[in-house]
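Notes for the one structure printed next.
In this note's numbering, the protein residues as written are 3 to 141.
Here it is in structure tokens:
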């Protein structure tokens, strides 16, 4: 049920395996996107964990397209300022409330590369410091 390539698990139903191989033979770059997005996610996951952020979705259900984080109590009253300061630094996060949880989301796909994720993490750390938010953040 899973097709593993380069330690990246992509869920693919077995009956579609032939189609996947045909697509790969025609457009091998499609797999490169998946690997890059996975790499983006791993960089983000590791860096955000070092800053103390907790993911909203359990690891076993997490994908590489978008990553949701619980909003730390340190930021709940000043989340708009956090969001605005990141925006002023050219970084985009997506605020939002999911069910009863305060969360924000960060995209890992599109024209984003590992270096972009590292820049985002540096900006997040810088903004937290500017806002006098302790690192690691508190929940």
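Each residue gets a CB set at the ideal place from its N, CA and C atoms; glycine is no exception. Here the structure is a predicted model, which means the values were calculated and not measured.
Look up residue 74 in the DSSP assignment and say whether it is helix, strand or coil.
coil
Is it right to say residue 82 is buried, meaning 16 or more other beta carbons lie within 10 angstroms of its own, or is it exposed?
exposed
Spatial neighbours of residue 138 in its chain, beta-carbon cut-off 7 Å, leaving aside the 5 residues before and after
53 and 54
Grab me the residues of residue 93's own chain with a C-beta within less than 8 Å of its C-beta, minus the 5 sequence neighbours each way, in chain order.
121, 122, 125 and 126
Could you give the uninterrupted runs of the alpha helix (DSSP H) lying entirely in the stretch 50-114, keeping only those of 4 residues or more?
75-78 and 81-90
Going by beta carbon distance, what residues of the same chain come within less than 7 Å of residue 78, once the five residues before and after it are set aside?
104
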